[in-house]
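One structure is given here, and the rest of the page talks about it.
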Amino acid sequence: MEMITDNPAIESAGFYWREHDGVRALICAPLEQDGFTNAFSTRGGGVSPFPRDALNLAGFNEDEAENIYENRRRFLKLFEGVWTLAGCWQIHSADIRVVHDPQEAKPKPGVLGDDQYCDALVSNTPRILLAVKTADCVPILIGDPVTHSFAAVHAGWRGTSASIVRRAIEQMQREYGAPAANMRAAIGPAANVCCYEVGSDVIDLYKERFPQSDYLFAATRDGHAHIDLQKANRDQLINAGVSPDRIHTAPLCTMDRTDLFFSYRHEKALHGRVGRLMSVIGRKHQPTLNQG
Ligand SMILES: [Zn+2]
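So in the working numbering, the last spot in the sequence shown is 480, and the numbers never skip.
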């Protein structure tokens with residue numbers, strides 16, 4: 189495994205690059221030190237024609253299944269040992285799926301990809317990688333080192349407006365008794381406030397649901413503004429009880445860094461179809477009893 193640590197801003201945010209056979213991913217170091225295998229994928233090193241050598245990890249209606257499975261095989265080589273991916277068919281909801289065992293993680297026979305509709309997953313089972321797919325939306329990975337429970341969250345402007353990250357934390361509390369104060373969270377690369385423009389429908393929805401949300405918007409043209417969804421989710425984590433110094437935000441914009449990431453807004457116009465990034469979190473071992 190080759191470690192790439194070429195970017196001081198990424199390092200000081202708590203992240204580093206891992207690369208294996210041309211596949212590169214962003215790892216949150218403190219989350220890893222807490223015992224959680226984690227990664228945010230990038231676009232290179234795969235076999236999909238988006239336009240070439242793309243590591244497209246989802247979207248069975250836009251790519252050949254054999255490409256996606258080969259790309260997933262390459263992506264999983266970044267991690268030691270055998271892992272089962274547990275994903276969902278994302279619908280920009282605030283619905284959460286609890287994955288209780290490895291059998292539940294696997295899709296039903298004959299089903300391509302994921303057949304359960306939701307936008308966040310929660311588990312405490314070893315050797316499962318909870319996976320969310322994004323291209324501009326915000327991926328958030330959460331781990332609690334005390335109860336060993338963890339979550340993966342997909343938060344676009346819709347999911348963020350429905351407070352999906354707070355709901356995922358509440359689910360971890362209900363299922364595993366995980367207190368938010370112990371949790372650590374990594375907010376991954378996403379379309380940032382520098383680029384991500386929304387219209388008055390989104391601005392009005394946020395004003396209605398979050399009366400104090402003016403600070404999330406930077407006005408652009410009439411009736412439009414750039415929205416800071418990374419900050420919105422960071423603040424939802426803090427409001428749910430996660431300590432600010434245990435939240436790590438990747439300083440990378442998917443719309444700026446199209447060399448590294450798939451961007452829905454960029455890709456759709458350019459190629460007509462969009463590759464999907466994958467963000468994963470899991471843990472290797474059963475917790476040992478009587479520890480500490
Ligand atoms: Zn940007």
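Cβ coordinates follow ideal geometry from the N, Cα and C atoms, glycine included.
message = Please state the DSSP three-state secondary structure of residue 379.
response = coil
request  = Return the chain-ordered list of same chain residues with a C-beta closer than 6 angstroms to the C-beta of residue 456, the five sequence neighbours on each side being excluded.
outcome  = 462
message = List, from N- to C-terminal side, the alpha helix (DSSP H) runs of 4 residues or more that fit wholly inside the stretch 248-318.
response = 253-264, 290-293
request  = State yes or no: is the C-beta of residue 336 within less than 8 angstroms of the C-beta of residue 471?
outcome  = yes
query = Run through DSSP, which three-state label would residue 322 get?
reply = strand
Cβ-Cβ separation, residue 349 to residue 300 (assumed contact under 8 angstroms), whole Å = Wrong, their Cβ atoms sit about 30 angstroms apart, outside the cutoff.
query = Between the C-alpha atoms of residue 362 and residue 239, what's the straight-line distance to the nearest angstrom?
reply = 44 angstroms
request  = Check each candidate in 304, 234, 338 and name the one with the smallest Cα separation from residue 264.
outcome  = 234
inquiry  = At the level of alpha carbons, what is the spacing between residue 467 and residue 427?
reply    = 23 angstroms
Beta carbon shell of ligand 3 at less than 5 angstroms from a heavy atom = Because ligand 3 does not appear in the structure shown, any question about it cannot be addressed here, the ligands present being ligand 1.
query = Which whole runs of the beta strand (DSSP E) in the stretch 415-439 are 3 residues long or more, in chain order?
reply = 435-437
inquiry  = Rounded to whole angstroms, what is the Cα-Cα separation between residue 355 and residue 260?
reply    = 28 angstroms
Buried versus exposed, by CB contacts within 10 Å (16 or more), residue 255 = buried
key: Contacting residues, own chain, Cβ-Cβ under 7 angstroms from residue 253 (five flanking each side not counted)   = 300
query = Taking the Cβ atom as the reference point for each residue, do residue 446 and residue 378 lie within a distance shorter than 8 angstroms?
reply = no
query = Per DSSP, residue 469 forms a beta bridge with which residues?
reply = 226, 318
request  = Determine the closest residue to residue 241 out of 249, 290, 342, 232, with distance taken between C-alpha atoms.
outcome  = 232
inquiry  = Give the list of continuous beta strand (DSSP E) stretches no shorter than 3 residues that lie fully inside the stretch 352-379.
reply    = 372-375
key: beta strand (DSSP E) segment containing residue 233, residue limits   = 232-236
message = I'd like to know if the stretch 325-343 and the stretch 244-252 are in contact, where contact means that at least 3 CB-CB pairs between them fall below 8 angstroms.
response = no
request  = For residue 331, write down the residues that DSSP places opposite it in a beta bridge.
outcome  = 338, 372
message = Please state the DSSP three-state secondary structure of residue 480.
response = Model confidence at residue 480 stands at a pLDDT of 42, short of 50, so the residue's coordinates are unreliable and nothing is read from them.
request  = Go ahead and pull the three-state DSSP assignment for residue 387.
outcome  = strand
query = If you run the structure through DSSP and keep just helix, strand and coil, what is residue 246?
reply = coil
Exposure of residue 397, with buried meaning 16 or more beta-carbon neighbours within 10 Å = exposed
query = Applying the criterion that 16 or more other CB atoms from any shown protein chain within 10 Å of the CB defines a buried residue, is residue 226 buried or exposed?
reply = buried
inquiry  = Per DSSP, what are the beta-bridge partners of residue 412 in this structure?
reply    = 387
8 angstroms contact criterion, which residue 319 and residue 274 should meet: CB distance rounded = 6 angstroms
CA-to-CA distance, residue 292 to residue 272, given in whole angstroms = 10 angstroms
request  = Taking residue 457 as part of the alpha helix (DSSP H), name the residues at either end of that continuous run.
outcome  = 452-459
message = Can you tell me whether residue 350 is helix, strand or coil according to DSSP?
response = coil
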